[in-house]
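> Residue numbers (my numbering): 52 to 330.
Glycine included, every Cβ here is placed at the ideal spot set by N, Cα and C.
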């Protein structure tokens with residue numbers, strides 16, 4: 052994809068994110084916490100899991116942790132725009148395998164936006180329902196990335212249009228299955244397991260296509276997520292905690308995990324060689 056086209060898509064995603072920010076700010080200004088009053092409070096709220104102060108009178112109970120989810124929104128819109136671009140110029144000889152499967156990129160973008168809204172819902176309401184949606188959206192990102200990984204590991208297989216839809220359906224079924232599974236297995240086990248599986252798959256694919264893939268993108272994605280987990284742990288343990296500060300550890304977790312997930316997507320979508328990047 053030419054740099055000029057990618058720059059235009061980034062600008063469009065930035066504008067969409069600013070508009071969403073304005074919309075969220077309007078909701079926070081207009082509505083009150085009474086919207087959430089009929090919902091069950093989450094265990095996270097009862098134990099004061101995160102550092103940021105809970106503003107019980109505001110629509111956004113934790114404003115910084117809520118607004119920071121716009122990072123996921125930005126990357127989600129950007130990936131959707133890439134998917135639209137790929138679909139518009141797709142050919143049977145597309146050099147990048149993921150560019151030839153825009154539906155999978157579109158699902159990735161939708162999952163980013165799902166996490167943006169789901170996590171914002173949780174931090175705005177601190178409800179049990181919000182927490183469940185937030186976690187399922189988190190799993191949706193990881194499962195879709197694993198779906199992309201599996202698609203590339205089977206690089207000798209060319210999927211027909213019908214088979215591509217079936218691949219998308221399989222990923223969606225897996226996301227749905229994680230709704231009950233997440234209640235049985237702690238996220239402290241599931242999330243690291245999925246992250247390790249994803250990175251193992253990327254390393255294997257790198258070994259298959261060294262000329263087209265960059266190991267530095269894999270390492271960057273891993274470093275970012277490890278740093279995010281470390282900062283989230285400090286936030287939960289209230290290390291250096293200032294509940295009223297604009298800078299919150301969990302908000303940084305949102306930014307770093309969004310960047311890490313986007314790096315994982317870029318590893319597959321953008322080839323290392325200039326000729327392939329232009330496709």
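Since residue 259 contacts residue 206 with CB under 8 Å, what's their CB separation in whole angstroms?
Contact holds; Cβ gap of about 7 Å.
> Less than 8 Å between the CB atoms is what I'm expecting for residue 122 and residue 306, so what's the real figure, rounded?
About 5 Å separates the two Cβ atoms, so the contact holds.
> For residue 92, which three-state DSSP category applies?
Residue state, collapsed to three classes: strand.
> Whole alpha helix (DSSP H) runs in the stretch 276-318 with 4 or more residues, listed along the chain?
Segments of the alpha helix (DSSP H) lying fully in the stretch 276-318: there are none.
> Specify the secondary structure class of residue 81 as computed by DSSP and reduced to three states.
If DSSP states are grouped into helix, strand and coil, residue 81 belongs with the helices.
> How is residue 330 classed by DSSP in three states: helix, strand or coil?
Reliability of the predicted coordinates at residue 330 is poor, the pLDDT of 41 falling under 50, and no value is obtained from them.
> Between which two residues does the alpha helix (DSSP H) holding residue 115 run?
Note, residue 115: alpha helix (DSSP H), 114-118.
> With DSSP run on the structure shown, which of helix, strand or coil describes residue 109?
In the structure shown, residue 109 sits in a strand (DSSP, three-state: E or B).
> Give me the Cβ distance between residue 102 and residue 256, rounded to the nearest whole Å; I'm assuming they're in contact under 8 Å.
Not a contact, Cβ separation roughly 38 Å.
> CA-CA distance, residue 287 and residue 158?
Rounded to whole angstroms, residue 287 to residue 158 spans 31 Å at the Cα level.
> By Cβ distance below 6 Å, which residues in the same chain neighbour residue 226 in space, the five residues on each side in sequence not counted?
So the list reads 191, 194, once near-sequence residues are dropped.
> Candidates 129, 58, 56: which alpha carbon is nearest residue 67's?
When only C-alpha atoms are compared, the closest one is 129.
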